[in-house]
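Novice:
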Ligand SMILES: [Zn+2]
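Residue numbers (my numbering): 1 to 452.
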């Protein structure tokens, strides 16, 4: 049994003072507010629940900062970036993936994420293509070495496009048949534990046939597993879907599948108003990755209309050009401000935007990761973040504005300690394994050679 006493804690009902947590076997056993510390308690200032990172491609961390120069043709877009990403993906073996993912997960923890949904389609080690599940094992090892809570989302990638039933040459390391994929997913369930959950996913409507998508959705529903897919990241995808299926992607999905709160639609960027309303009413979670969506020139999600209709959101760091949940929330709101010439766009049920974005992404992130509880309550996992309450970012703030300060102040984050499943993974603002993770990552980047 561990115990923690904090002077200020964000509980599901709001901020509370002088809160004592009893923690046993990774779970919060009891929460008592307005109390006094006991002799063995670890003392903390301000405690908030950890956020879930609802969308990650860990290997893409190795590409961050390498795709920001104009190509000779001068027509750079998501699709030219994707060629660079495929080039890297073709060279990341299981050992490299484990080192890159561990570094990414350590960075996530140090910035206040306590869980991640890893959307994984690099199913084959390019150097040992016949070694079954080596890439899955690399992700599991990285999660357990870093201590982050993992939802492994195996993803089917079947084909190059709506009318192209075979994968392209640079997609071969991703591709599986439906049967191979379902067998892989079944084996992955063997890695499940109190801190590893198994979801399921389809890469996108263009990369998976209708028949396969229906079967994946059936398996998700039968196993109560979160179901993830990329849905409408780029206008070109919308045009291709219109040409092939006669519907926009979100519209087609909602008409042809039973989309429920177990679904996580990543990059539902391009929706018309009717799709926005219908997706919100489905109860599904829209996973938004504002820093990556800006970096790739994807477009802006119709946030205000979606939230107004009761839509659920989560955030993800996706390509990991930034690993900072508060920056994702900031840019989620800033994109809307820039587009509409107004302020405080995402404040619909709470007059404080930072507080509203935090609570919505806490709930949506937990759902996208398949967690049954949200926030710090008895029976929930002991996944929490201690903020240093003497940090200038928080000075002068009260219960009303503290989360606004975290989202909009833009200072280095005041994350002092992070606990996942009852274990401290970040202490004194550093991941406990930071130096090993960094040196392995640097050696891996050297061995990968030039990222082209
Ligand atoms: Zn993605």
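Using N, Cα and C, we set each Cβ at its ideal position, and we do this for glycine too.
Considering only C-alpha positions, which residue in the set 170, 165 and 187 is nearest to residue 207?
Specialist: Mapped onto the chain shown, residue 207 falls at position 207. Residue 165 is the option with its Cα nearest to residue 207.
Novice: For residue 267 and residue 7, I'd like the C-alpha separation in whole angstroms.
Specialist: Residue numbering aside, residue 267 sits at position 267 when the chain shown is read from its first letter. Residue numbering aside, residue 7 sits at position 7 when the chain shown is read from its first letter. Cα-Cα distance, rounded: 38 Å.
Novice: Consult DSSP for residue 264 and reduce its assignment to one of helix, strand or coil.
Specialist: Along the chain shown, one-based indexing puts residue 264 at 264. Correct three-state label for residue 264: strand.
Novice: So which residues put a beta carbon under 6 Å from any heavy atom of ligand 1, going in chain order?
Specialist: With 6 Å as the limit, the residues whose C-beta approaches any heavy atom of ligand 1 more closely are 55, 57, 119, 230, 266 and 318, in sequence along the chain.
Novice: At what residue ranges does the region 84-168 contain a whole run of the alpha helix (DSSP H), taking only runs of 4 or more?
Specialist: 94-110 and 134-146
Novice: Within the region 352-427, note down every full beta strand (DSSP E) run reaching 3 residues or more, in order along the chain.
Specialist: 384-387, 415-420 and 423-427
Novice: Who are the near neighbours of residue 77 in its chain, counting only those whose CB is closer than 7 Å to its CB and skipping five residues on each side?
Specialist: The count along the chain shown starts at 1 and reaches residue 77 at position 77. 297, listed in sequence order.
Novice: Counting along the chain, where does the alpha helix (DSSP H) carrying residue 465 start and finish?
Specialist: Within the shown structure, residues of the chain are numbered from 1 to 452, placing residue 465 beyond reach of any answer.
Novice: I'd like the list of long-range same chain contacts for residue 5, defined as Cβ closer than 6 Å, with 5 residues on each side in sequence excluded.
Specialist: For the purposes of this step, residue 5 is taken as the residue at position 5 of the chain shown. Hits under 6 Å: 20, 37, 41 and 43.
Novice: Hey, quick one: how far does the alpha helix (DSSP H) through residue 335 stretch, first residue to last?
Specialist: Numbered from 1 along the chain shown, position 335 holds the residue referred to as residue 335. Per DSSP, residue 335 is one residue of the alpha helix (DSSP H) stretching across 325-340.
Novice: If the criterion is Cβ atoms closer than 9 Å, does the pair residue 382 and residue 420 meet it?
Specialist: The residue you call residue 382 lines up with position 382 of the chain shown. The residue you call residue 420 lines up with position 420 of the chain shown. A distance below 9 Å separates the beta carbons of residue 382 and residue 420.
Novice: Please state whether the Cβ-Cβ distance between residue 60 and residue 88 is less than 9 Å.
Specialist: Position 60 of the chain shown, counted from the start, is the residue given in the question as residue 60. Position 88 of the chain shown, counted from the start, is the residue given in the question as residue 88. Yes; because the gap between Cβ atoms is below 9 Å, this pair is in contact.
Novice: Counting along the chain, where does the alpha helix (DSSP H) carrying residue 2 start and finish?
Specialist: Sequence index remark: in the chain shown, residue 2 carries index 2 (1-based). Per DSSP, residue 2 lies in no alpha helix (DSSP H) segment; the continuous beta strand (DSSP E) that holds it begins and ends at 2-11.
Novice: Opposite residue 240 in the DSSP bridges: which residues?
Specialist: Working through the chain shown from its first residue, we reach residue 240 at position 240. None, per the DSSP bridge assignment.
Novice: Thinking residue 200 and residue 227 are a contact (beta carbons under 8 Å), I'd like their distance in whole angstroms, please.
Specialist: Taking the first residue of the chain shown as 1, we reach residue 200 at position 200. Taking the first residue of the chain shown as 1, we reach residue 227 at position 227. Rounded to whole angstroms, the Cβ separation of residue 200 and residue 227 is 6 Å, and the two are in contact under 8 Å.
Novice: Can you give me the C-alpha to C-alpha distance between residue 178 and residue 216, rounded to a whole angstrom?
Specialist: In the chain shown, counting from the first residue as 1, residue 178 sits at position 178. In the chain shown, counting from the first residue as 1, residue 216 sits at position 216. Near 9 Å, if we compare the C-alpha coordinates of residue 216 and residue 178.
Novice: Report the rounded CA-to-CA distance for residue 141 versus residue 102, giving the unit in angstroms.
Specialist: Against the chain shown, residue 141 aligns to sequence position 141. Against the chain shown, residue 102 aligns to sequence position 102. Roughly 8 Å separates the two Cα atoms.
Novice: Using only the alpha-carbon positions, how far apart do residue 67 and residue 294 sit?
Specialist: On the chain shown, position 67 is the one that residue 67 refers to. On the chain shown, position 294 is the one that residue 294 refers to. Near 14 Å, if we compare the C-alpha coordinates of residue 294 and residue 67.
Novice: I'd like to know whether the C-beta atoms of residue 170 and residue 125 end up nearer to each other than 9 Å.
Specialist: By one-based count along the chain shown, residue 170 stands at place 170. By one-based count along the chain shown, residue 125 stands at place 125. Contact: no.
Novice: Since residue 345 sits in a beta bridge, which residues does DSSP pair it with?
Specialist: Your numbering for residue 345 matches position 345 in the chain shown. In the DSSP output, where bridge partners are listed per residue, residue 345 has none listed.
Novice: Are residue 407 and residue 335 closer than 9 Å when you measure CB to CB?
Specialist: The residue given as residue 407 occupies position 407 in the chain shown. The residue given as residue 335 occupies position 335 in the chain shown. The answer is no: Cβ separation not under 9 Å.
Novice: How should residue 306 be labelled, buried or exposed, when 16 other C-beta atoms within 10 angstroms of its C-beta is the threshold for buried?
Specialist: One-based indexing of the chain shown puts residue 306 at position 306. By the neighbour-count definition (other C-beta atoms within 10 Å, threshold 16), residue 306 is a buried residue.
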